[in-house]
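Numbering (the numbering used here), first residue to last: 107 to 179.
By construction, the Cβ of each residue, glycine as well, lies at the ideal position given by its N, Cα and C atoms.
The structure appears right after this line, and notes come after that.
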């Protein structure tokens with residue numbers, strides 16, 4: 107591959123991902139690429155729909171309840 111050759115964007119992406127995986131590993135490459143991808147939808151509206159009626163204390167209690175085995179409190 108010549109560094110001065112004109113490459114299609116798909117080729118550039120393939121080469122870049124290959125280099126990133128080689129240097130960073132798969133997990134860190136995924137984390138790196140994730141910085142530049144946009145999600146879909148309105149995350150704030152979704153948060154309000156799911157948790158808008160709850161206080162921070164109520165959310166924390168709900169998390170504790172689902173992650174703490176019975177009898178270990």
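Please report the distance separating the alpha-carbon of residue 159 from that of residue 145. 24 Å
So, are the CB atoms of residue 139 and residue 125 less than 9 Å apart? no
Quick one: what does DSSP say residue 141 is sitting in, helix, strand or coil? coil
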